[in-house]
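Just so it is clear: in the sequence shown, position 20 is 867 by my numbering, and no numbers are missing.
From the three backbone atoms N, C-alpha and C, an ideal C-beta is built for every residue, glycine too.
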Amino acid sequence: MIKTDRLIIKDINESDRINMIKMFKNDEIIEFYMIPKYDNDEEYDKLFESFLSLSKLENRFVKGIYLNNTIIGFINDLGIKDKKVELGYAINPKYHNQGFMTEALNASIKHLLDNGCNEVICGAFENNIRSIRVMKKCGMNLMDKIDYITYNQINQKCVYYNKI
């Protein structure tokens, strides 16, 4: 568990199912966080189950972001290799522009670097100004790495930031 001034970052719980599925379906989140659009709720339930299971594993970093005991976002590793971890994150748009994502990412980066990781990497589509601003506020540096990813049938340029 990671505590900040306003937030708790911890394992995801069964009681978070409804709020997480709402985030998975949220168009503003889907625009930038690569979540498949499913045709039925069973698929969203399976996605939640995957997050829930991964959250319990010691060798993974899959956490909920909580404000007053309510999940308002999540942060998860997209892979851990050679003491480098790449993170993805999303927050309910209701909580945008209040510093919550910066606070959660900053605390998560510190936790990971203090606990054996040598580098934390985050990527964002270049038009995801909010996410890039969050990474910069967390002291992350623009990397030379660039990818082109087709997401929602659009070829998008993805830029990466890191902190060592």
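Bounding residues of the beta strand (DSSP E) (the contiguous stretch that carries residue i)
i	result
residue 880	No beta strand (DSSP E) holds residue 880; DSSP gives it neither H nor E.
Chain D within 8 Å of residue i, Cβ atoms only
i	result
residue 917	Any reference to chain D falls outside this structure, which holds one protein chain only.
Simplified DSSP state of residue i, which is helix, strand or coil
i	result
residue 859	coil
residue 891	helix
residue 1064	Residue 1064 lies beyond the residue range present for the chain, which begins at 848 and ends at 1011; the question has no answer from this structure.
residue 873	coil
residue 865	helix
residue 1011	coil
residue 988	strand
Buried/exposed call for residue i, threshold 16 Cβ in 10 Å
i	result
residue 989	exposed
residue 910	buried
Strand pairing of residue i, partner residues [DSSP]
i	result
residue 905	Beta-bridge pairing links residue 905 to no other residue.
residue 998	1001
residue 924	934
residue 911	857, 921
residue 1027	Given a span of 848 to 1011 for the chain in the structure shown, any question on residue 1027 remains unanswerable.
Residue i, enclosing alpha helix (DSSP H) - first and last residue
i	result
residue 966	Residue 966 -> not in any alpha helix (DSSP H); beta strand (DSSP E) instead, spanning 966-972.
residue 962	Where residue 962 is concerned, there is no enclosing alpha helix (DSSP H), given that its DSSP letter is neither H nor E.
Residue i versus residue j - alpha carbon distance
i	j	result
residue 892	residue 884	13 Å
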